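Protein chains in written order, with this note's numbering: chain A, 16 to 446; chain B, 16 to 446.
Heads up, the beta-carbon is just placed ideally off N, CA and C, and yes, glycines get one too.
These numbers come from a predicted model, not from an experiment.
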C-alpha cells in the first residue's frame, strides 16, 4: 500500500469522499459497539464458577493453622493466601499483606498513608509544599486519578518499547527531592501491552533518588495475563524486589497484585508485597484501619486455585477466550491500515488492551467519529495525566468484552474513522 | 451484706487473708480463662452457615437490576444491599453506601478523608493546627486509636445512664471550632451497654457546633443486638438522621453499621449512611479509591437474610447463645459483690460487654491479679483515650467467647480479685 502522505491531493480527496460515504451508511444503521471497557467478559467470569462453592460448609472455614476465617483477626491475611499472592508477586509470604477485593484501594491507601503518616518515618507528604510523581505515558487513568486527587504534580515520562524512558527517570529522580513516586505497569502495560526489559528493571532497581521516601509503585496487574500458552510467546520480567535488594535499594518498591482479572473482577483478592521494613510500617497503619480483611474470600481463592500452578492453568482458559478477540482487532488493523503510515500499534502478547497511536491531532476526532457511528471507545486523552494527551494521538482499544464478530464490525468502523480523520488532517496540512 | 467500708479493720483484714488464701489455691490450679475478647463464639458463627451457599452458581450472581455482581462496578453497592443496610441504619437506600467487610475501615477512612480532603469543602484537617474529638468514656478502644493515630486531641466526656454528659458536649462543641467530631456507640454502648435516651439523641441533633465540619460519628454497632426477644426488654433509640433533619442539622451525622456480629465477624458487610450531601461527597472520594466493593458478599447477605426481618430473626439465635453467658456473669457479680459497695455495674440488655466500675485506683490491680490466676481480662484503661483511665476504675468484661460453665468459674476468680483489691485499698486508706 502506498502511504497516504505520498498520495496526491486528488487521490486522497476522492478516497476520503468514498470512505465518508461508507461512514454515513454505517452511521445510518444505528449500530452499537463498545471497545472501551477493560473488564472480563461474562464467559471469562464463568471460568471461576467453582469459587462460589469452594467453601460451602462450616468445617471448611478454617485455615491451615486452624484460624477460623469467619471471625476477626489476621490483619495480614491467612498464611496460604499470602503464599499464593506472594508467588504471583515474586515475594515470600512474610513480605505480603493480603487485603480486600482489589488492588486499587491498596494503591490509594498507600498514597493516602504517605500523605497523612509519611513513609517509614519521613515527613507526611501533606506537610510538604510540593509532591510530584512520574507517570509513564500512555498509562492507566486510575493511577493518574489517584495522584491528581491528592494534588500531586504529575510529570509525563514517554514509554519506549522497553518501558519508560529511563534516562529521563534517572535524571529527574536523582535531582528532585519532591519526586516521591512513579506509577508502573511493568508487564503487558496498560494500554500498550509493553513489558519492561531486563535493563529497564535493573535501572529501576538501581535508581538513586534524591528523596529517601521515593517509592516505585509497581502495579503488576497483568503478571500472568498471557494471550498465548507457549512459553516462547510469553513476556517475562525480572523480579523487581530481588533486583532492588541486589542494588542496595531493598525498600524502594511496592508491588501490587490482584486476582481481579483472574477470578472475579469485583470480588477477587489483592495484595501488596514489599521489603520487611515497608511491610512492617504498613501493618502498623493497618492495625488501626482494620481488624482484618475478608479471610473467607482469601480461603475461597486458596481452595479454588490450590497454588500458583492453578492460577496459571486458569489463565490459559482466559487466554483461550481473549486471544480470538485480540487477533480479530489486530488483523483488522493490519488489513485496513497496514502500510498507510497513518498510525501505529504494537500487538501485545498479554494484558487487556491494544494501543493505537494515530497521527498527531487525530485521536479526539477519531473517537468522536466512532461514537457517532455507534462505537464507544475510551475517551481520547484518558491515558494521560489530567486527561491531556499533548499530541492528541493516543487511543486505547479494549477487546475483552465483545465477541469476535462484534469486534470485526467494530474494528471496521474504527479503521474507517482513522482513515477519514487522517486524510482530513493531511489535506488540511496541504491547504 | 454490710458494705466493706462500714466494717472494722480487723474484720476486713481477716476476710482479706481468707480470700487471699482462696486466691492462692486457684492460682495453683493453673487455670486459663479469657473474658477479653469481644467477638462472636464459634457457635454464633455457625448460625450463618447458610451464607456459605447463599450464592453457589453462576446464574445466582446477578442483582435485582441485572448487575453482574462478579464484575466491576456499583461503587455504592447493589441496591438491595443498600436497602438492607439502610433499614438497619434507619436511612433510605439512596443515603447508604455499602462498603467492605467491616465498619472500622469506613470510620478510619472517614477520618483519613477529612484529614486529606476536608469535609464537604472545608479545609483539610491536616492543614489545621489542632483537631479535637470528644470521646465519651468509657468507650471503644479502636475508635480512640484511630483518632490518636491521626494526632487528634481527645477530650473525655463522662457517660451517664442516658448517654454522654450532654451539658458538657453542648458547651464544648459550641465554643471550640477545633472540635470536629465525637465518637458515639448510641445503643448498648461499648463497654457499658447504655442506650442513649430520646432526650440525649435530640440534644445531639440540636447541637450548634462552632465548626461547620463537625460531625457525629454514630457507630450503631449493636443496633439489633438485643439479649432478650421480648420487645419490652429491648432498648430503642431515636433515629438520629431524622432528628438531625428536624433540627435543621441534616449533614451533622455519619451512621456506621455492619453485619460483623450478625453474620461472620471477619466477612460481613458494612455501610455508612448519611445525608445526601455527605454521601455525594464520600462517593466522589470512593470514585478514586475503588472500582467497587465486593458485591458478591453483598449478594450473599441479601440472599441469606432476605430482609431486615431476617436479620431480626437471626439476632434471636445470637441472643439465645449470648443470654446465658451474660446472666451467668451478672448473677455472679450480684451474688459475690452485691451490697458490698466496692464496685458497680449495669446489667445490659444487649451488646457485647458488661462494664465493671471498681473503687478508684483498683482496676489495674484487679486485672493484674486476675491474669496471675489465669483469667485474661481486657487491659485496664483500654476504654479510655490514650489508655489513661483517670480513676483507674474501668474494667470491660466480654462474655461472648466462653461457655456458661467457664464464665461461672471465671467470674468467681474475677469477683475474688475485686474483693481482695478493694479491701487492700480500704485498709491502705485507713493506715
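Span separating the alpha-carbon of residue i from that of residue j
i: residue 396 of chain A; j: residue 409 of chain A; result: 7 Å
i: residue 3 of chain A; j: residue 370 of chain A; result: Because chain A in this structure spans residues 16 to 446, residue 3 of chain A falls outside the shown range and cannot be described.
i: residue 136 of chain B; j: residue 428 of chain B; result: 54 Å
i: residue 176 of chain A; j: residue 358 of chain A; result: 16 Å
i: residue 150 of chain A; j: residue 198 of chain A; result: 6 Å
i: residue 227 of chain B; j: residue 341 of chain A; result: 53 Å
i: residue 424 of chain A; j: residue 393 of chain A; result: 17 Å
i: residue 262 of chain A; j: residue 215 of chain A; result: 13 Å
i: residue 286 of chain B; j: residue 111 of chain B; result: 7 Å
i: residue 101 of chain B; j: residue 188 of chain A; result: 48 Å
i: residue 437 of chain B; j: residue 403 of chain B; result: 20 Å
i: residue 338 of chain A; j: residue 237 of chain A; result: 15 Å
i: residue 153 of chain B; j: residue 332 of chain A; result: 55 Å
i: residue 344 of chain B; j: residue 354 of chain B; result: 16 Å
i: residue 379 of chain B; j: residue 156 of chain B; result: 16 Å
i: residue 257 of chain B; j: residue 221 of chain B; result: 12 Å
i: residue 18 of chain B; j: residue 34 of chain B; result: 16 Å
i: residue 49 of chain B; j: residue 335 of chain A; result: 54 Å
i: residue 217 of chain A; j: residue 255 of chain A; result: 8 Å
i: residue 360 of chain B; j: residue 346 of chain B; result: 12 Å
i: residue 310 of chain A; j: residue 123 of chain A; result: 21 Å
i: residue 388 of chain B; j: residue 47 of chain B; result: 8 Å
i: residue 291 of chain A; j: residue 125 of chain A; result: 16 Å
i: residue 298 of chain B; j: residue 289 of chain B; result: 12 Å
i: residue 120 of chain B; j: residue 193 of chain B; result: 24 Å
i: residue 109 of chain B; j: residue 213 of chain B; result: 26 Å
i: residue 356 of chain A; j: residue 166 of chain B; result: 59 Å
Exposure of residue i, with buried meaning 16 or more beta-carbon neighbours within 10 Å
i: residue 81 of chain B; result: exposed
i: residue 413 of chain B; result: buried
i: residue 83 of chain A; result: buried
i: residue 411 of chain A; result: buried
i: residue 38 of chain B; result: buried
i: residue 269 of chain A; result: buried
i: residue 63 of chain B; result: buried
i: residue 45 of chain A; result: exposed
i: residue 430 of chain A; result: buried
i: residue 293 of chain B; result: buried
i: residue 162 of chain A; result: buried
i: residue 65 of chain A; result: exposed
i: residue 322 of chain A; result: exposed
i: residue 16 of chain A; result: exposed
i: residue 8 of chain B; result: In this structure chain B extends from 16 to 446, so residue 8 of chain B is not present and cannot be described.
i: residue 278 of chain B; result: buried
i: residue 28 of chain B; result: exposed
i: residue 248 of chain B; result: exposed
Listed by chain order, chain B residues near residue i by CB distance under 8 Å
i: residue 296 of chain A; result: Neighbours of residue 296 of chain A on chain B: none; closest Cβ ~13 Å, over 8 Å.
heavy atom of the ligand SAM below 6 Å from residue i C-beta
i: residue 416 of chain A; result: In the structure shown, the ligand SAM is absent, as is every other ligand, since no ligand is present at all.
Under 7 Å by beta carbon: chain A residues contacting residue i
i: residue 127 of chain B; result: 127 and 131
i: residue 50 of chain B; result: Here the premise fails: no neighbours, minimum Cβ distance about 16 Å.
i: residue 280 of chain B; result: 85, 86 and 87
Chain-ordered chain B contacts of residue i [CB-CB under 9 Å]
i: residue 115 of chain A; result: 115, 116, 120, 305, 308 and 309
Within chain B, the residues that residue i reaches when beta carbons sit closer than 7 Å
i: residue 54 of chain A; result: 86 and 87
Proximal chain A residues relative to residue i, where beta-carbon distance stays under 9 Å
i: residue 123 of chain B; result: 303, 304 and 305
i: residue 57 of chain B; result: 73, 83, 85 and 86
Chain E contact residues for residue i, given Cβ-Cβ distances below 9 Å
i: residue 312 of chain A; result: The structure shown contains no chain E; the protein chains it does contain are A and B.
Taking only beta carbons into account, state which residues of the stretch 59 to 79 of chain A come closer than 7 Å to chain B, listed in chain order.
-> 60, 61, 64, 67, 68, 70, 71, 72 and 73
Continuous alpha helix (DSSP H) assignments of at least 4 residues falling wholly in the stretch 221 to 295 of chain A | 255 to 261
Quick one, which residues of the stretch 297 to 308 of chain B are near chain A if we go by CB-CB under 7 Å, in chain order?
-> 303, 304, 305, 306, 307 and 308
Which whole runs of the alpha helix (DSSP H) in the stretch 170 to 216 of chain B are 4 residues long or more, in chain order?
-> 181 to 190
Could you name the residues of the stretch 133 to 167 of chain A whose beta carbon sits closer than 7 Å to any beta carbon of chain B, in the order they occur along the chain?
-> 141, 160, 161, 164 and 165
Just by C-beta distance, which residues in the stretch 75 to 109 of chain A are closer than 9 Å to chain B?
-> 75, 76, 83, 84, 85, 86, 87, 88 and 89
Ranges of the alpha helix (DSSP H) found wholly within the stretch 49 to 109 of chain B, counting only runs of at least 4 = 57 to 61 and 94 to 104
Please list the segments of the alpha helix (DSSP H) lying wholly inside the stretch 104 to 161 of chain A, counting only runs of 4 or more residues, in order along the chain.
-> 119 to 132
Identify every run of the alpha helix (DSSP H) within the stretch 319 to 383 of chain A, keeping only runs that are complete inside it and at least 4 residues long; order them along the chain.
-> 323 to 352
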